[in-house]
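Asks: Quick note, the sequences are listed as chains R and H, same order.
Sequential numbering from 1122 applies to the first sequence in the numbering used here.
Sequential numbering from 1145 applies to the second sequence in the numbering used here.
Before I ask anything, here is the structure I am working with.
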Amino acid sequence: MTKNDALARLLTSMADDALIQGHRNSEWTGLGPIMEEDIAFSSMAQDKIGHAWALYRILQEDLGGQDPDTFAFLRNEKDYRSCHFVELPNGEYDFSLMRHFLFDHAETIRYQQLRNSSFAPLRPLAEKLKGEIKYHTLHANAWITQLCRAGEESYARMQTALNICFPLALGIFEPDNEAGEILTAEGIYPGEAILKEQWLDRVYNLCAAAGLNLPAEDAVTPVYGGRKGYHTEYLQPLLEEMGAVFRMDPQATW
Amino acid sequence: MNIKESDIYKALELVMDPEIPVLSVIDLGMITGVSLEEEGVHVKMIPTFSACPAVDYIKQNIRTALEKELDTKVTVEIDREATWNSNRMSAGAHEKLKKFGIAPPQLQQGEERAEIELHTACPHCNSDNTYLRSPFGSTLCRAIHYCRNCGYVFEHFKPLG
Chain R
1122 MTKNDALARL LTSMADDALI QGHRNSEWTG LGPIMEEDIA FSSMAQDKIG HAWALYRILQ
1182 EDLGGQDPDT FAFLRNEKDY RSCHFVELPN GEYDFSLMRH FLFDHAETIR YQQLRNSSFA
1242 PLRPLAEKLK GEIKYHTLHA NAWITQLCRA GEESYARMQT ALNICFPLAL GIFEPDNEAG
1302 EILTAEGIYP GEAILKEQWL DRVYNLCAAA GLNLPAEDAV TPVYGGRKGY HTEYLQPLLE
1362 EMGAVFRMDP QATW
Chain H
1145 MNIKESDIYK ALELVMDPEI PVLSVIDLGM ITGVSLEEEG VHVKMIPTFS ACPAVDYIKQ
1205 NIRTALEKEL DTKVTVEIDR EATWNSNRMS AGAHEKLKKF GIAPPQLQQG EERAEIELHT
1265 ACPHCNSDNT YLRSPFGSTL CRAIHYCRNC GYVFEHFKPL G
């Protein structure tokens, strides 16, 4: 495997996560529990899909990849590298909110590290995206804290959502040993294991402040497979819906 | 016509942001460089937010306005090296935003800041007895606040580091 192959795997995983999470966020449009939440999830959808597009563009311009729209919408399911966590349906608001909290802190840690990447095209993008995601985590932290203080039922639902989300969230950091070794040796980024440690530190402190118990890592089985092309039953229908308009006429201009 | 760099900047002041029509692309600090080439004028720009849906529209507006003002061929390119932050906005832009009813972004000094959650000055009554209602608003660059003093809900151009 070449350095560029390893880079392409990393960027595709990051972009696919952002694209699918963005699509899931967009499904809250019109359905949020209050109007501000409708707007928040819709705005975060727009951000995430923009972030995915920026990463697909680097794949195209610097690593010889396809046109971003074609790559985003016309691949086969097994060629996506999204983690199972982002593929799952929105469920109820507690699950969506907890997923948003855990996922956006993971992205923050990742982009913080990528600001120092030896791969130059990632540096300015990581700087930019980290600044934008700050508002996503601000939003998530505020709601997690408030709902944990909003009475017994509300607190219990947050803790249950955390228990369900945690093994899935570990799947964001699914190891890819072959590519990982190259990327670490080349100074692209420190690798998934280190990102995961930093993420655990960060979310542990935030959870503790909200009175939530973060499950122990060794007490759960991480949900892996997405980075190898094995997906949940929910991805294919999502891809069909997401790409339906694009596939009607891939050559159309807007 | 002999075009000078200052002519290009002057013409760019006529290109307004489609979402905040009182601010030009110069006010917003979106222009990172202009140059005079043999075949015409070349402009480099950066979007405020990376997922800003108005970028293509703004590029087109820059081309149209400059071609009209300067009577030459104009190319516009997204600058991949530079990134936008809210400190790039001019002092004049802060005043214009306030008059338009949007609280301007606080100057960013360091990394993270939680201050925006409280004390963003209300553009209507200037009170800082306000709180953040939602970090997301009608466009990606705006947040929604509530003023306890005058009772208005107002928008805020988010500071971005």
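Ideal Cβ positions, reconstructed from N, Cα and C, are used throughout, including at glycine.
For clarity, every value in this text was computed on a predicted model and none was experimentally measured.
Tell me, to the nearest whole angstrom, how far the beta carbon of residue 1174(H) is from that of residue 1160(H); I am working on the premise that it is less than 8 Å.
Replies: Contact flag wrong, Cβ pair sits at about 11 Å.
Asks: Nearest to residue 1286(R) by alpha carbon, out of 1330(R), 1212(R), 1267(R)?
Replies: 1212(R)
Asks: Using a cut-off of 8 Å between C-beta atoms, extract the partners of residue 1172(R) located in chain A.
Replies: No chain A is part of this structure, whose protein chains are labelled R and H.
Asks: Give the secondary structure of residue 1363(R) by DSSP, where H, G and I count as helix, E and B as strand, and everything else as coil.
Replies: In the three-state reduction of the DSSP assignment, residue 1363(R) falls in the helix class.
Asks: Measuring alpha carbon to alpha carbon, tell me which residue in 1179(H), 1227(H), 1156(H) is nearest residue 1204(H).
Replies: When each option's Cα is compared against that of residue 1204(H), the closest is 1156(H).
Asks: Mind checking if residue 1302(H) is an interface residue toward chain R, Cβ cutoff 9 Å exclusive?
Replies: yes
Asks: Return the chain-ordered list of same chain residues with a C-beta closer than 6 Å to the C-beta of residue 1220(R), the five sequence neighbours on each side being excluded.
Replies: 1286
Asks: Do you know whose CA, among 1265(R), 1149(R), 1144(R), 1147(R), lies nearest residue 1329(R)'s CA?
Replies: 1265(R)
Asks: Can you tell which of 1165(R), 1353(R), 1152(R), 1125(R) has the C-alpha that lies nearest to the C-alpha of residue 1186(R)?
Replies: The closest CA to that of residue 1186(R), considering only 1165(R), 1353(R), 1152(R), 1125(R), is found on 1125(R).
Asks: Short of 7 Å in beta carbon distance, which residues of its chain neighbour residue 1285(H), apart from the five on each side in sequence? Order them along the chain.
Replies: 1192, 1193, 1301, 1302
Asks: Starting from the beta carbon of residue 1227(H), find every residue of chain R whose beta carbon is closer than 9 Å, and list them in chain order.
Replies: 1245, 1246, 1248, 1249, 1252
Asks: Against chain R, with Cβ distances strictly below 9 Å, would residue 1298(H) count as a contact?
Replies: no
Asks: Take the Cβ of residue 1115(H) as the centre, count every other Cβ of all protein chains shown within 10 Å, and call the residue buried at 16 or more, exposed below.
Replies: Since the first residue shown for chain H is 1145 and the last is 1305, residue 1115(H) is missing from the structure and cannot be characterised.
Asks: Report, in whole angstroms, the separation of the C-beta atoms of residue 1170(R) and residue 1140(R), which I expect to be a contact under 8 Å.
Replies: 6 Å
Asks: As an exercise, report each continuous alpha helix (DSSP H) stretch of at least 4 residues that is fully enclosed by the stretch 1213-1243 of chain H, in chain order.
Replies: 1235-1243
Asks: Can you give me the C-alpha to C-alpha distance between residue 1352(R) and residue 1299(R), rounded to a whole angstrom?
Replies: 20 Å
Asks: Can you confirm whether the stretch 1220-1227 of chain H touches the stretch 1226-1235 of chain R when touching is taken to mean that 3 or more C-beta pairs between the two stretches lie within less than 8 Å?
Replies: no
Asks: What separation, rounded to the nearest whole angstrom, lies between the Cα atoms of residue 1202(R) and residue 1298(H)?
Replies: 41 Å
Asks: Assuming residue 1356(R) and residue 1198(R) are in contact, meaning their beta carbons sit under 8 Å apart, how far apart are those beta carbons, in whole angstroms?
Replies: Between residue 1198(R) and residue 1356(R) the Cβ distance is about 6 Å, and since that is below 8 Å, they are a contact.
Asks: Find the residues of chain R that neighbour residue 1278(H), judging by a C-beta separation of less than 7 Å, and give them in chain order.
Replies: 1157, 1160, 1161
Asks: DSSP puts residue 1274(H) in a beta bridge; with which residues?
Replies: 1291(H)
Asks: What is the DSSP secondary structure of residue 1270(R), counted as helix, strand or coil?
Replies: coil
Asks: Whole angstroms are fine: how far does the CA of residue 1261(H) sit from the CA of residue 1177(H)?
Replies: Approximately 34 Å between the Cα atoms of the pair.
Asks: I need the DSSP call for residue 1184(H), collapsed to helix, strand or coil.
Replies: strand
Asks: By the DSSP assignment, the beta strand (DSSP E) with residue 1299(H) in it spans what residues?
Replies: Element bounds for residue 1299(H): 1297-1301.
Asks: Going straight from the alpha carbon of residue 1161(R) to that of residue 1292(H), what length do you get?
Replies: 22 Å
Asks: Flag residue 1167(R) as yes if its beta-carbon sits less than 9 Å from any beta-carbon of chain H, otherwise no.
Replies: So yes, residue 1167(R) belongs to the interface.
Asks: When burial is assigned at 16 or more other CB atoms within 10 Å of the CB, is residue 1368(R) buried or exposed?
Replies: exposed
Asks: Note down, in chain order, every chain H residue with its Cβ under 8 Å from the Cβ of residue 1330(R).
Replies: Result: empty, since nearest Cβ-Cβ is about 13 Å, beyond 8 Å.
Asks: Looking only at its own chain, which residues have a Cβ that is under 7 Å from the Cβ of residue 1278(R), when we skip the five neighbours before and after it?
Replies: 1215
Asks: Interface residues of chain H around residue 1164(R) at Cβ under 7 Å?
Replies: 1280, 1284
Asks: Anything in chain H within Cβ reach of residue 1259(R), meaning under 7 Å, just list it in chain order.
Replies: 1279
Asks: Distance cutoff 9 Å, beta carbons only. Does residue 1263(R) sit that close to anything in chain H?
Replies: yes
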